[in-house]
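Some notes on the structure that comes next.
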């Protein structure tokens with residue numbers, strides 16, 4: 078393992094702070110000759126919380142979810158991250174361990190929350206070894222999610238998890254337990270003293286080696302959740318004579334945007350100069366001033382081989398270098414910034430550093446001295462309020478030991494505040510209208526934050542407000558905000574959706590117009606039309622500004638107004654990027670959009686270097702679809718089978734000459750015997766590329782197909798040899814078998830025929846009985862199937878699998894309401 082690691086931030090405001098780091102947070106690279114670790118949980122006895130069934134497969138070595146393993150997969154269910162299920166492994170004897178690997182269903186973007194590991198010697202008293210909290214973990218890793226903790230001797234291992242981000246289901250496919258090699262000794266590490274680092278900015282880690290011999294170094298960088306950010310192996314060459322100065326390390330003039338030149342000057346960085354010396358404290362907020370303020374630098378070419386060619390924070394897309402001005406930096410004399418800034422905990426005015434959103438919300442002196450700045454407007458300006466809203470505080474330098482990052486979006490790493498140096502008014506604190514946030518463990522956040530569907534008393538309703546004011550999620554104030562809240566500053570918050578919620582909701586805000594009641598905006602999604610048409614804010618209107626993009630590539634008007642800016646040359650610009658899909662349509666190329674302000678709540682960050690976000694919702698779309706074959710946008714066409722005949726040389730092996738010409742399950746003779754794909758048995762045909770449902774073929778490049786125009790072949794799907802997802806799952810885990818019977822839904826049968834009226838009638842309260850029409854479904858056969866089945870299905874009593882009538886044969890019988898029989 079590496080003996081010493083140092084870090085510094087490669088930016089104009091770079092500096093280092095040395096401190097110790099917890100060795101348990103350093104992942105030691107694998108060393109040559111290391112033996113494979115032993116999975117102590119394999120084949121050991123497992124028990125589960127009551128709602129997790131079955132519990133037999135947690136240690137059987139099966140790590141993936143498939144129709145063949147579904148019946149033995151431990152599955153639970155919850156509706157919020159605060160509600161967890163667990164599995165417990167008995168290792169047999171007390172064992173030294175330091176890692177649990179949890180395998181959960183990793184289909185699509187599935188992610189899970191509520192992860193916690195507890196250890197015990199006697200299965201009665203458990204101690205927490207690791208707790209990830211209720212936040213969602215990164216998307217589930219098919220290779221398992223690793224949870225490392227300090228080495229501990231234990232016999233019983235209990236692993237908690239909660240709902241998926243995509244559904245209420247909790248999967249425990251497999252649990253592995255290891256004792257990994259010893260962690261390295263404590264390191265000294267130099268890293269920027271902030272709570273987060275910008276992943277888009279460059280950061281340099283320097284390995285200090287004991288000799289000048291060639292050294293191979295493997296390292297990885299993980300984020301706070303343990304997800305891999307980057308993993309690299311580098312070779313440090315044997316040290317030789319000092320190399321000559323780079324041949325391509327020279328100053329290069331760049332175009333300074335007008336928004337930059339207003340502050341920094343039109344010539345900023347275009348030749349060697351100590352550009353930051355005069356205004357270093359003003360421009361960089363006295364945060365990290367030092368000798369670097371006096372150093373000479375200039376902009377260099379994007380392909381410059383200067384060893385310190387850093388990305389500019391001022392002119393996006395450009396690089397700068399101190400090395401290019403090495404001669405001018407040979408004798409700087411005494412720099413007036415060498416002693417740094419004054420006491421970092423001194424209150425300071427940061428108005429010049431605030432972004433446009435903050436300047437529009439707060440007065441110029443906001444946070445410049447100790448004061449209860451937010452006592453009257455906290456609920457308007459911040460999504461999460463607490464007793465701090467009534468505390469006195471001020472902005473401080475980020476080097477202040479008491480500093481906390483700003484709660485304003487986008488300013489987390491730029492502005493810092495502290496309240497411990499200020500004396501708050503005890504009377505004001507005791508009467509603070511903003512409640513102290515308390516985490517409630519026995520009820521999920523989803524349940525706590527559901528709209529209560531309650532109405533305000535008529536006497537307290539705002540003048541002219543309907544009785545439904547606040548009952549459900551809606552932008553209730555968008556038309557009368559200034560009238561109903563005359564003392565507040567109208568802005569985008571007026572157009573946000575909200576509803577009345579329980580005080581127990583972590584995001585609840587105390588109402589200023591209905592005493593004792595609480596509301597939440599976090600419980601509701603934004604109404605996009607309300608945000609775009611908000612009369613109190615132009616944040617979601619086109620800005621006419623495209624600063625930071627490459628005008629040569631995209632054009633001078635790119636993103637300024639509502640247009641399908643990417644329609645011309647969409648493939649040229651984006652094919653091969655993360656935006657481009659090779660498996661589905663790219664009709665977004667034809668959608669209209671424009672750049673909007675940072676404060677727009679439905680905006681998306683630019684992916685091509687623009688300084689501002691963009692929004693499709695700010696613009697109306699036309700009907701055009703993207704035609705990839707000629708990189709243009711055209712009107713949609715019919716989805717009827719085109720009758721296209723594939724050239725003999727392109728017909729897939731095993732297919733007939735009429736492959737794709739009409740609706741058939743063409744791939745039944747093409748798919749390999751070991752394929753596990755229901756698509757092998759679906760009917761489809763070739764269609765025009767501009768069919769809205771068309772998808773690009775993976776077997777015949779250049780052709781497009783759809784199955785939406787073809788009738789569903791139930792027999793082909795239920796008897797498909799390549800996939801069993803449309804066959805009865807023979808699994809009713811989670812069903813109330815006391816009420817419905819032990820075999821309910823396991824096979825094709827009219828399960829609801831006997832006692833249908835008693836089970837599902839109006840008196841049952843189930844809400845499914847048709848009181849004005851027929852209930853012939855009581856007589857129809859059905860069974861539970863896998864959700865990947867293309868047949869019609871719905872969710873019902875089984876929390877894990879949907880049910881399908883189409884998977885079974887229709888009995889053609891009807892339900893007689895009089896005799897209540899089929």
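Residue numbers (the numbering used here): 78 to 899. Glycine residues also receive a C-beta, built at the ideal position from the N, C-alpha and C atoms.
Practice item. Would you mind working out which of 491, 465, 468 and 303 sits nearest residue 360, comparing C-alpha positions? Key: Counting from one through the chain shown, the residue named residue 360 turns up at place 283. Minimum Cα distance to residue 360 is reached at 491.
Check your understanding: Residues in its own chain within less than 6 Å of residue 680 by CB, not counting five upstream and five downstream?
Key -> The residue given as residue 680 occupies position 603 in the chain shown. 673, 690 and 692, listed in sequence order.
Exercise for review: Compare the C-alpha of residue 237 against each of 244, 166 and 231 and name the closest.
Suggested key: Residue 237 sits at position 160 when you count from the first residue of the chain shown. Per the Cα distances, 166.
Point to revise | Beta-carbon proximity check, residue 228 vs residue 173, cutoff 8 Å | key: Position 151 of the chain shown, counted from the first residue, corresponds to residue 228. Position 96 of the chain shown, counted from the first residue, corresponds to residue 173. For residue 228 and residue 173, yes; Cβs fall inside 8 Å.
Exercise for review: Could you please give me the residues that DSSP links to residue 234 through a beta bridge?
Suggested key: In the chain shown, residue 234 corresponds to position 157, counting from 1. Bridge partners of residue 234: 166 and 196.
Check your understanding: Sorted by chain position, which residues of the same chain lie with C-beta nearer than 7 Å to residue 499's C-beta, five sequence neighbours on each side aside?
Key -> As a position in the chain shown, residue 499 is number 422, starting the count at 1. Here the set comprises 447, 469, 470 and 471.
Practice item. Quick one: residues in its chain with C-beta nearer than 6 Å to the C-beta of residue 833, no 5 flanking neighbours on either side, listed in chain order? Key: Translated into the one-based positions of the chain shown, residue 833 becomes position 756. Excluding sequence neighbours, residue 833 sits near 855.
Review point. Should residue 701 be labelled buried (16 or more other beta-carbon atoms within 10 Å of its own) or exposed?
Key: Taking the chain shown and counting its residues from 1, one reaches residue 701 at position 624. Buried.
Review point. CB-CB under 6 Å to residue 255, same chain, minus the five flanking residues each way: which ones, in chain order?
Key: As a position in the chain shown, residue 255 is number 178, starting the count at 1. 114 and 176, listed in sequence order.
Exercise for review: Please name the residue in 395, 376 and 591 whose C-alpha comes closest to that of residue 538.
Suggested key: Taking the first residue of the chain shown as position 1, residue 538 is located at position 461. Of the listed residues, the one whose Cα sits closest to residue 538 is 591.
Check your understanding: Applying the criterion that 16 or more other CB atoms from any shown protein chain within 10 Å of the CB defines a buried residue, is residue 719 buried or exposed?
Key -> Working through the chain shown from its first residue, we reach residue 719 at position 642. Flag for residue 719 reads buried.
Point to revise | Between the CA atoms of residue 775 and residue 829 - distance to the nearest angstrom | key: Reading the chain shown from its first residue, position 752 is the one you call residue 829. Reading the chain shown from its first residue, position 698 is the one you call residue 775. The alpha-carbon atoms of residue 829 and residue 775 are separated by roughly 43 Å.
Review point. So residue 837 is in the alpha helix (DSSP H); what residue range does that whole segment cover?
Key: As a working mapping, residue 837 is identified with position 760 in the chain shown. Residue 837 -> alpha helix (DSSP H) spans 833-837.
Point to revise | Reduced DSSP category for residue 810 - H, G, I as helix; E, B as strand; rest coil | key: Indexing the chain shown from 1 puts residue 810 at position 733. It is coil, neither helix nor strand.
**Study point:** Beta-bridge partners of residue 861, as assigned by DSSP
**Key:** Residue numbering aside, residue 861 sits at position 784 when the chain shown is read from its first letter. Bridge partners of residue 861: 880.
Check your understanding: What first and last residue would you give for the alpha helix (DSSP H) that runs through residue 631?
Key -> Residue mapping note: residue 631 aligns to position 554 of the chain shown, counting from 1. Residues 628-631.
**Study point:** Inter-residue spacing [alpha-carbon to alpha-carbon] between residue 135 and residue 792
**Key:** Counted from its first residue, the chain shown places residue 135 at position 58. Counted from its first residue, the chain shown places residue 792 at position 715. Distance between the alpha carbons of residue 135 and residue 792 is about 35 Å.
Review point. Contact check, residue 479 vs residue 495 under 8 Å by CB: the rounded distance?
Key: Here residue 479 refers to the residue found at position 402 when the chain shown is read from its first residue. Here residue 495 refers to the residue found at position 418 when the chain shown is read from its first residue. With a Cβ gap of about 4 Å, residue 479 and residue 495 count as contacting.
**Study point:** Contact the segment 780-795 vs the segment 124-133: 3+ CB pairs below 8 Å
**Key:** no
Review point. Residue 182 and residue 217: beta carbons closer than 8 Å?
Key: For the purposes of this step, residue 182 is taken as the residue at position 105 of the chain shown. For the purposes of this step, residue 217 is taken as the residue at position 140 of the chain shown. For residue 182 and residue 217, yes; Cβs fall inside 8 Å.
Review point. With burial defined as no fewer than 16 other Cβ atoms inside 10 Å of the residue's Cβ, what is the status of residue 38: buried or exposed?
Key: Nothing in the structure corresponds to residue 38, since the chain is present only between 78 and 899.
**Study point:** Through-space distance from residue 704 to residue 646, alpha-carbon basis
**Key:** On the chain shown, residue 646 is found 569 positions in, with the first residue counted as 1. On the chain shown, residue 704 is found 627 positions in, with the first residue counted as 1. Rounded to the nearest angstrom, the two C-alpha atoms are 11 Å apart.
**Study point:** Pair within 8 Å by beta-carbon distance, residue 868 and residue 884
**Key:** For the purposes of this step, residue 868 is taken as the residue at position 791 of the chain shown. For the purposes of this step, residue 884 is taken as the residue at position 807 of the chain shown. Yes, the Cβ-Cβ distance between residue 868 and residue 884 is below 8 Å.
Exercise for review: Can you give me the start and stop residues for the alpha helix (DSSP H) that residue 423 sits inside?
Suggested key: Counting from 1 along the chain shown, the entry for residue 423 is found at position 346. Note, residue 423: premise wrong, no alpha helix (DSSP H); not H, not E.
Check your understanding: Which residue from 725, 325 and 371 puts its Cα closest to that of residue 380?
Key -> Numbered from its first residue, the chain shown carries residue 380 at position 303. It is 325 whose Cα lies nearest to the Cα of residue 380.
Exercise for review: Please say whether residue 526 and residue 582 have beta carbons closer to each other than 8 Å?
Suggested key: Translated into the one-based positions of the chain shown, residue 582 becomes position 505. Translated into the one-based positions of the chain shown, residue 526 becomes position 449. For residue 582 and residue 526, yes; Cβs fall inside 8 Å.
Review point. Just checking my contact of residue 803 with residue 740 at CB under 8 Å: how many whole Å lie between their CB atoms?
Key: As a working note, residue 803 is residue 726 in the chain shown. As a working note, residue 740 is residue 663 in the chain shown. In fact, because the Cβ distance is near 18 Å, the residues do not count as touching under 8 Å.
Practice item. Measure the CB-CB distance between residue 548 and residue 571 and report whether it falls below 8 Å. Key: As a first step, residue 548 is located in the chain shown; it is residue number 471 there, counting from the start. As a first step, residue 571 is located in the chain shown; it is residue number 494 there, counting from the start. No, these two residues do not count as a Cβ contact at 8 Å.
Practice item. Would you mind working out which of 569, 404 and 257 sits nearest residue 178, comparing C-alpha positions? Key: Working through the chain shown from its first residue, we reach residue 178 at position 101. The shortest Cα separation from residue 178 among 569, 404 and 257 belongs to 257.
Check your understanding: Is the segment 838-849 close to the segment 810-827, with three or more CB pairs under 8 Å?
Key -> no
Point to revise | Cβ distance (whole Å) where residue 351 is taken to contact residue 373 below 8 Å | key: Working through the chain shown from its first residue, we reach residue 351 at position 274. Working through the chain shown from its first residue, we reach residue 373 at position 296. With 8 Å as the limit, residue 351 and residue 373 qualify as a contact, their Cβ atoms being about 5 Å apart.
**Study point:** Counted within 10 angstroms of its Cβ, other Cβ atoms place residue 586 as buried (16 or more) or exposed
**Key:** Within the chain shown, residue 586 is the residue found at index 509, counting from 1. Buried: at least 16 other Cβ atoms inside 10 Å.
Check your understanding: Is the distance from the Cβ of residue 808 to the Cβ of residue 878 below 8 Å?
Key -> As a first step, residue 808 must be located in the chain shown, where it is residue number 731. As a first step, residue 878 must be located in the chain shown, where it is residue number 801. Yes, the pair counts as a contact, with Cβ atoms nearer than the cut-off.
Exercise for review: Report all residues from its chain with a CB closer than 7 Å to the CB of residue 333; omit the five preceding and five following residues, and keep chain order.
Suggested key: Taking the first residue of the chain shown as 1, we reach residue 333 at position 256. Only 343, 345 and 392 meet the Cβ criterion.
Check your understanding: Out of curiosity, what's the CA-to-CA distance linking residue 188 and residue 762?
Key -> Numbered from 1 along the chain shown, position 111 holds the residue referred to as residue 188. Numbered from 1 along the chain shown, position 685 holds the residue referred to as residue 762. Cα to Cα, residue 188 sits roughly 35 Å from residue 762.
Practice item. Quick one: give me the first and last residue of the beta strand (DSSP E) that residue 154 is part of. Key: By one-based count along the chain shown, residue 154 stands at place 77. Per DSSP, residue 154 belongs to the beta strand (DSSP E) from 151-154.
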